[in-house]
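Colleague: Residue numbering for the sequence shown follows our numbering, beginning at 382 and increasing consecutively.
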Amino acid sequence: MSLSCYTKSTRPFEGQKPGTSGLRKAVKVFQLENYTENFVQCILSAMGGALTGCTLVVGGDGRYFGKKAVDIIIKMCAANGVRKVLVGQNGILSTPCVSCMIRKYKTAVGIVLTASHNPGGPDADFGIKFNISNGGPAPDAVTNKIYELSKNIVEYRISPDVRCDISLIGKREFVVDSRPFTVEVIDSVEDYVEYMKEIFDFGIIKDILHGSKGKPLKVLINAMHGVTGPYVRRIFLEELKATPDSVVNIEPLEDFGGHHPDPNLTYAADLVQALKGGDYGFGAAFDGDGDRNMILGHKAFFVTPSDSVAVIADNTDCIPYFKKNGVKGLARSMPTGCAIDRVGEKKGMEVFEVPTGWKYFGNLMDAGRLSICGEESFGTGSDHIREKDGIWAVLAWLSILAVRNMSVEQVLLSHWGTYGRNFFTRYDYENCESAPCNEMMTALDAMSGDASMVGKKLSHGDKSYTIAKIDNFEYKDPIDGAVAKKQGVRILMSDGSRVVFRLSGTGSSGATVRMYIESYESDSSTFTKDAQEVLKPLVEIALKLSKLGDYTGRQKPTVIT
Ligand code: G1P
Ligand code: ZN
């Protein structure tokens, strides 16, 4: 029986503009009549001719509204000429897994249903992200097209009788408007786990967990009730045979247990507490959709994400994937600490500085110029896929600990011994009023154009810095020449220290100011100092210069990482 398609009329919604990583809004907004349908239609329409007959991967982090969105997407794909939809069982697929599957099955595109680390549940956030055929987030040119379409949309196409139970693995065949249409529900973790076993040597990781070379390394992996739960179970419990008490919060929950599923010192405080107890030698946590990670050592020794990616880049000989494929180049997002630059310099490799957001790494990887990259926002990854990858980062770290036979702290001390330490911190001022934050950014932008600022000496206590350069970061993609302007105001000091201000592009309402502070120290007596203490003078200078307190009315940040 051929199922019918219908064209439904609709009206545009304001603000369907994808941000740093997809469209994120409150669930209640996505639940508005036609809101989700409009945006999905714009994604499909933006694909143009590539849409007809293509295969599309869909899945998400299991948050509230995810299953409903999968249902809408399947029905709309059927009506828009898509040949096949590959969907994770129960709509579950981590963001890295979607990227892995798009590449493995050479499908045209993917849709990831996640608001990443934003809270979930009926009163929290939802998100839709579009990934292109290289497996990575759609670049600005594509998301701008989607946004433009959203402003003028008058109708969408849907086939409401395509019904599919996504809790059951298997293929369902339909005929829609006389065209064949297939939905295949697949195991959510299989492909990803197979790939991780190719990239890493699971044997050596198993060995350190079980102590074949000495004392077993006791680990604690916290999935924060996000999508990584099933992946953690399969990889750590079944493959690596870690003891059951090595993993916690591995049941994905639609509201992440009411928490922010964000792996940092504030929102993963329970992991920090558990590690402080001293029983564990290694701890890790992931965000809602599994692309972020936090790494801790014994007694909660914190590895900044900026250091984490630098250490991985410096230890690629511990990872079979890099031994086989080589390391082509390194990159970080602009606000990320510059530790990785020093590794690149020593190894004679290109190091790219791109705007915030993983989408900017994709072209460089596709062109064979980038292998390892990271963001200070707990994102670490490589060219094995085109997303950051939390579990990959943890397996990379465990491989390094195994091969080097060192603790997390020893690895960092040895790294700083070679390269010096880039102290780094980020202050977030969440949910501020938008207007004054925009004013502050405008004022900082004006400062960046004011030549008299260069050479200015800024002091706090007995610490002084001299401004060497201020700009509003602009990036020209070396591969396709696309230009991204006004990506954040950078204040670069003569000693290599940096202050960066930008507004978040992932919030669902209001404004979040991010202030990034970095200071480089080569004197080994400073390496073990507390980062907040070392950075305090520069923090004070940055607050004074930006008048952040006056603009936002905030005396303190909501989160410090
Ligand atoms: C934040 C991070 C950024 C990351 C993005 C998606 O974006 O700062 O590095 O790529 O989330 O995980 P922001 O809210 O700052 O725009
Ligand atoms: Zn995420």
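For every residue, glycine included, the Cβ atom is placed at its ideal position computed from N, Cα and C.
Quick caveat, the model's predicted, so the values are computed rather than measured.
Assign Arg544 to buried or exposed, taking buried as 16 or more other Cβ atoms, counted over all protein chains shown, within 10 Å of its Cβ.
Modeller: The residue in question, Arg544, is exposed, as its Cβ has fewer than 16 Cβ neighbours within 10 Å.
Colleague: With a cut-off of 8 angstroms on the beta carbons, I'd call Val608 and Val628 a contact; round off their distance for me.
Modeller: Going by Cβ atoms, the distance from Val608 to Val628 rounds to 14 angstroms, so no, they are not a contact pair.
Colleague: For Arg723, tell me which candidate among Gly801, Met828, Ile848 has the shortest Cα-Cα distance.
Modeller: Comparing Cα-Cα distances from Arg723 to each of Gly801, Met828, Ile848, the minimum goes to Gly801.
Colleague: Would you decide whether Gly584 is buried or exposed? Buried here means 16 or more other CB atoms lie within 10 Å of its CB.
Modeller: So Gly584 ends up on the exposed side.
Colleague: Within the continuous beta strand (DSSP E) that includes Gly762, where are the two ends?
Modeller: 760-763 is the span of the beta strand (DSSP E), which, as asked, contains Gly762.
Colleague: Drop a sphere of 10 angstroms on the beta-carbon of Ser878, count the other beta-carbons inside from all chains shown, and report buried for 16 or more, exposed for fewer.
Modeller: Under this definition Ser878 is a buried residue.
Colleague: Can the beta-carbon of Val479 be found less than 8 angstroms from the beta-carbon of Val438?
Modeller: In this structure, Val438 lies closer than 8 angstroms to Val479 by Cβ.
Colleague: Where the beta carbon is closer than 6 angstroms to any heavy atom of the ligand G1P, which residues qualify, in chain order?
Modeller: In chain order, the qualifying residues are Thr401, Ser402, Ser497, Ser714, Thr737, Gly738, Trp739, Glu756, Ser758, Gly760, Ser885, Gly886, Thr887, Arg895.
Colleague: Which whole-angstrom value describes the C-beta separation of Pro477 and Asp770, a residue pair presumed to lie in contact below a C-beta threshold of 8 angstroms?
Modeller: With 8 angstroms as the limit, Pro477 and Asp770 qualify as a contact, their Cβ atoms being about 4 angstroms apart.
Colleague: How about Leu873 and Ala849: do their beta carbons lie closer than 8 angstroms?
Modeller: The answer is yes: Cβ separation under 8 angstroms.
Colleague: Count the C-beta pairs between the segment 404-411 and the segment 560-578 that are closer than 8 angstroms, then say yes if the count reaches three, no if not.
Modeller: Contact between the segment 404-411 and the segment 560-578 is absent, because fewer than three Cβ pairs lie under 8 angstroms.
Colleague: From Ser540 to Arg560, what distance separates their C-alpha atoms?
Modeller: Distance between the alpha carbons of Ser540 and Arg560: 12 angstroms.
Colleague: Return yes when at least one heavy atom of the ligand ZN lies under 7 angstroms from the C-beta of Asp809, else no.
Modeller: Result no, Cβ not under 7 angstroms from the ligand ZN.
Colleague: Comparing the CB of Asp558 with every heavy atom of the ligand ZN, is any distance shorter than 7 angstroms?
Modeller: Checking the Cβ of Asp558 against the ligand ZN gives no.
Colleague: Would you say the beta carbon of Arg767 comes nearer than 7 angstroms to a heavy atom of the ligand ZN?
Modeller: Not so, every heavy atom of the ligand ZN lies at least 7 angstroms from the Cβ.
Colleague: Can you list, in chain order, the residues of its chain with a C-beta nearer than 6 angstroms to that of Trp778? Leave out the 5 residues immediately preceding and following it.
Modeller: Closer than 6 angstroms at Cβ, skipping near neighbours: Ile676.
Colleague: Do you know whose CA, among Phe683, Val870, Lys657, lies nearest Ile898's CA?
Modeller: With distances taken between Cα atoms, Ile898 lies closest to Val870.
Colleague: Going by beta carbon distance, what residues of the same chain come within less than 7 angstroms of Met834, once the five residues before and after it are set aside?
Modeller: Excluding sequence neighbours, Met834 sits near Met828, Ile848, Ile851.
Colleague: For the beta strand (DSSP E) containing Asp506, list its first residue and its last residue.
Modeller: Looking at the DSSP string, the run of the beta strand (DSSP E) that includes Asp506 is 506-512.
Colleague: Which first and last residues belong to the alpha helix (DSSP H) in which Gly584 is found?
Modeller: Gly584 -> alpha helix (DSSP H) spans 583-591.
Colleague: Would you list, in sequence order, the uninterrupted alpha helix (DSSP H) runs of no fewer than 4 residues that lie entirely inside the segment 793-880?
Modeller: Fully enclosed alpha helix (DSSP H) runs of 4 or longer: 815-829.
Colleague: What is the C-beta distance between Val735 and Ser714, in whole angstroms, given that I count them as a contact (C-beta under 8 angstroms)?
Modeller: Yes, they are in contact, since the Cβ atoms of Val735 and Ser714 sit about 6 angstroms apart, within 8 angstroms.
Colleague: Are the segment 779-788 and the segment 904-921 in contact at 8 angstroms, needing three or more beta carbon pairs?
Modeller: They do not touch, by the three-pair rule.
Colleague: With a threshold of 7 angstroms (Cβ to nearest heavy atom), would Asp668 be considered close to the ligand ZN?
Modeller: Correct: Asp668 has its Cβ closer than 7 angstroms to the ligand ZN.
Colleague: Report the option in Gly400, Leu794, Gly718, Leu929 whose CA atom is closest to the CA atom of Thr1007.
Modeller: In the structure displayed, the chain extends from 382 to 942; residue 1007 sits before or after that span and is not available.
Colleague: Does the Cβ of Ser875 have 16 or more other Cβ atoms within 10 Å, making it buried, or fewer, making it exposed?
Modeller: Result: exposed.
Colleague: Determine whether the beta carbon atoms of Val570 and Ile550 lie at a separation below 8 angstroms.
Modeller: Their beta carbons are not under 8 angstroms apart, which means Val570 does not touch Ile550 by this criterion.
Colleague: Using CA atoms only, rank isn't needed, just tell me which of Lys596, Lys465, Gly430, Gly400 is closest to Asn786.
Modeller: Closest option to Asn786, Cα to Cα, is Lys596.
Colleague: Any C-beta of chain C sitting closer than 8 angstroms to the C-beta of Phe663?
Modeller: Protein chain content of the structure displayed is limited to a single chain, and chain C is not contained in it.
Colleague: According to DSSP, simplified to helix, strand and coil, what is Val557?
Modeller: Residue state, collapsed to three classes: strand.
Colleague: Got a sec, what are the start and stop residues for the alpha helix (DSSP H) Val574 sits in?
Modeller: 571-580 is the span of the alpha helix (DSSP H), which, as asked, contains Val574.
Colleague: According to DSSP, what are the bridge partners of Pro952?
Modeller: As shown, the chain starts at 382 and ends at 942. That puts residue 952 outside it, with no answer to give.
Colleague: Report yes if the C-beta of Thr942 is less than 7 angstroms from at least one heavy atom of the ligand ZN; otherwise report no.
Modeller: Checking every heavy atom of the ligand ZN against the Cβ of Thr942, none is found closer than 7 angstroms.
Colleague: Put Ala459 into one of helix, strand or coil per three-state DSSP.
Modeller: Ala459 falls in the helix class under three-state DSSP.
Colleague: How about Arg444: is its Cβ closer than 7 angstroms to a heavy atom in the ligand ZN?
Modeller: Because no heavy atom of the ligand ZN lies under 7 angstroms away, the Cβ of Arg444 does not count as near it: no.
Colleague: Determine which residues share a DSSP beta bridge with Asn674 and list them.
Modeller: BP columns for Asn674 point to Phe667.
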